[in-house]
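First up is the structure itself, then whatever we jot down about it.
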Amino acid sequence: MARIMSRVLSFIVLLVLVTLIQMPLVIESINTINWLSGFTEKGLQIILMIWLVDSLLIALSFEWVSLTVSVIPFIITLPISLVYTTVNSVYGWIVLTNLAVVIVLILARMMANVF
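Using the working numbering, the first residue of the sequence shown is number 2, and each one after it goes up by one.
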């Protein structure tokens with residue numbers, strides 16, 4: 002019973018983190034990209050949306066298999082996103098802040114799956 006309660010609690014906490022931190026960060030990042038590029042840069046916006054959906058999948062994953070599957074899109078888009086860090090310093094900060102949030106979510110889910 003305690004294990005079920007800890008899983009439910011971790012699910013709620015991670016979902017709240019995605020809703021309160023990752024979602025506004027992605028929205029503000031996309032607004033900044035639009036302002037800088039004049040609505041012409043779509044690649045980084047797509048990557049950020051993939052990371053947002055991926056964060057939701059990470060928050061919803063209860064087992065190691067689902068966590069591994071949900072991290073695959075993040076791993077695929079990571080090298081592409083790191084190219085944007087060399088294009089513009091603002092893009093670099095956008096990528097690094099979103100990257101930090103996703104990594105914290107992955108580590109938090111791994112810790113929740115262990116306990």
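Every residue, glycine too, gets a C-beta built ideally from N, C-alpha and C.
Less than 9 Å between the C-beta atoms of Gln23 and Val103, yes or no? yes
Verify whether the separation of the beta carbon atoms of Asn114 and Phe75 is less than 9 Å. no
Under the assumption that Thr33 contacts Ile81 (Cβ atoms under 8 Å), give the Cβ distance between them as a whole number of angstroms. The pair is not a contact, with the Cβ atoms about 19 Å apart (cut-off 8 Å).
Would you call Leu26 buried or exposed, if buried means 16 or more other Cβ atoms sit within 10 Å of its Cβ? buried
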